[in-house]
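Mapped onto our numbering, the consecutive letters of the sequence shown carry residue numbers 2 to 123.
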Amino acid sequence: MAKHILIVDDSKTVRNLVAFIMKKEGFKVTTAEDGLDGLEKLYSATGVDLIVSDINMPRMDGLTFIKTVREQEAYRDIPIVVLSTEGQDRDIQTGLTVGANLYMVKPAQPEKLVRNVKMLLG
Numbered sequence: 002m003a004k005h006i007l008i009v010d011d012s013k014t015v016r017n018l019v020a021f022i023m024k025k026e027g028f029k030v031t032t033a034e035d036g037l038d039g040l041e042k043l044y045s046a047t048g049v050d051l052i053v054s055d056i057n058m059p060r061m062d063g064l065t066f067i068k069t070v071r072e073q074e075a076y077r078d079i080p081i082v083v084l085s086t087e088g089q090d091r092d093i094q095t096g097l098t099v100g101a102n103l104y105m106v107k108p109a110q111p112e113k114l115v116r117n118v119k120m121l122l123g
C-alpha cells in the first residue's frame, strides 16, 4: 500500500514539483494551497502518513498549521517536513519547536527530499 503524503504550499509550481517527485517514487499525494486547506484535506483524507509544508502562506501559515496538527491526538505522530525559503537559524528553530520533524530550505534537491521522506516513513 502506497504511503500517503500531504503537500501544503501556496505556490502551485512547488506543489506540482513536489507532487511529481513523490508520485514518481510511488507515493500517493494530496495537495493543499495553505494551512486551512491543509487541515481540511488532512481531516477528509484517510491515512496521511507524512506532511510536507511551506511556512509563508496566506490564510493560515505553516507554523500555525503544524501547531494545530500537533495539538490533535490523532495527528500528533505524523512526520512533518518543512520546505521553506526561510533559511535563517531562528526560522529553522521555530519550525522544529512547533513540531516539524525536519526543516529543509528551498530549493530542496529532489534526491535529498525523497531520502528524508523515506527516512521519516521508515
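Note that beta-carbon positions come from the ideal geometry of N, C-alpha and C, so glycine has one too. None of the values given here were measured: they were computed from a predicted structure.
{"Query": "8 Å contact criterion, which Asp78 and Lys4 should meet: CB distance rounded", "Result": "That pair is no contact at about 14 Å."}
{"Query": "Any alpha helix (DSSP H) of 4 or more consecutive residues that is wholly inside the segment 77–114", "Result": "90–99"}
{"Query": "Inside the segment 46–71 only - beta strand (DSSP E) runs reaching at least 3 residues", "Result": "51–54"}
{"Query": "Ala33 - containing alpha helix (DSSP H), residue span", "Result": "That residue, Ala33, is in no alpha helix (DSSP H); its beta strand (DSSP E) goes 29–33."}
{"Query": "Residues near Gly124 in its chain [Cβ-Cβ closer than 7 Å; skip 5 each side]", "Result": "There is no way to answer for residue 124, as the model of the chain reaches only from 2 to 123."}
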